[in-house]
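A short worksheet on the structure shown next.
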Amino acid sequence: MNAQYKSCIEAVYRCIEACNVCYHACLKEEHMSNMSKCIELDRECAEICTLALHSMQRSSTFAIQILSLCAEICDACGTECKSHNHQHCQDCAQACFRCAEECRKLIS
Numbered sequence: 398m399n400a401q402y403k404s405c406i407e408a409v410y411r412c413i414e415a416c417n418v419c420y421h422a423c424l425k426e427e428h429m430s431n432m433s434k435c436i437e438l439d440r441e442c443a444e445i446c447t448l449a450l451h452s453m454q455r456s457s458t459f460a461i462q463i464l465s466l467c468a469e470i471c472d473a474c475g476t477e478c479k480s481h482n483h484q485h486c487q488d489c490a491q492a493c494f495r496c497a498e499e500c501r502k503l504i505s
């Protein structure tokens with residue numbers, strides 16, 4: 398693993414985990430239809446974070462571009478999750494914003 402990616406890899410991993418927890422919890426919410434955008438973004442975010450994680454682990458030549466997109470999607474997911482009062486959404490928003498911040502540190 399490339400040492401320069403260490404803190405970003407940790408943030409990305411936490412974001413994947415938070416998005417997966419939020420996704421599954423949203424599916425169980427009483428008014429799931431109100432959570433459709435959150436559910437969609439949780440999946441998008443977990444998927445791009447997984448790609449970002451793998452790109453950093455192998456020091457991909459495309460890591461910077463992937464991290465840029467990852468930060469953008471993390472911000473979108475975090476913003477959506479923050480708009481819901483569920484604890485799983487608030488936890489996810491915090492993880493997403495932290496991940497976006499760590500990604501941007503590497504691409505600046």
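Per my numbering, residue 398 is the first one in the sequence shown, and the count goes up by one each step. Just so it is clear, CB atoms sit at the ideal spot from N, CA and C, and this is done for glycine as well.
> When DSSP labels each residue in this structure, what does N482 get in the three-state scheme?
Replying inline: The answer is coil: DSSP assigns N482 none of H, G, I, E or B.
> Residues in its own chain within less than 6 angstroms of N417 by CB, not counting five upstream and five downstream?
Replying inline: Hits under 6 angstroms: A443.
>> For the pair the region 432 to 446 and the region 467 to 486, tell me if three or more CB-CB distances fall below 8 angstroms.
In response: Touching, yes, given that three or more Cβ pairs across the two stretches are closer than 8 angstroms.
> Which class does R455 belong to by DSSP, given the choice of helix, strand or coil?
Replying inline: Looking at R455 - three-state DSSP - the assignment turns out to be coil, as it is neither helix nor strand.
> Is there at least one Cβ from chain C nearer than 8 angstroms to F494's Cβ?
Replying inline: Considering every chain present, this structure includes no chain C. It has just one protein chain.
>> Cutting at 7 angstroms between CB atoms, please list the residues of its own chain near R440, excluding the five before and the five after it.
In response: Cβ within range, chain order: Y420.
> Straight-line CA distance for C493 to Q462?
Replying inline: Cα to Cα, C493 sits roughly 18 angstroms from Q462.
>> Contact defined as beta carbons within less than 8 angstroms: I believe C496 pairs with C412. What is the distance between those atoms, to the nearest angstrom?
In response: Yes, they are in contact, since the Cβ atoms of C496 and C412 sit about 4 angstroms apart, within 8 angstroms.
> Just to confirm, are L503 and Y402 a CB contact at a threshold of 8 angstroms?
Replying inline: Cβ distance < 8 angstroms, so L503 and Y402 count as in contact.
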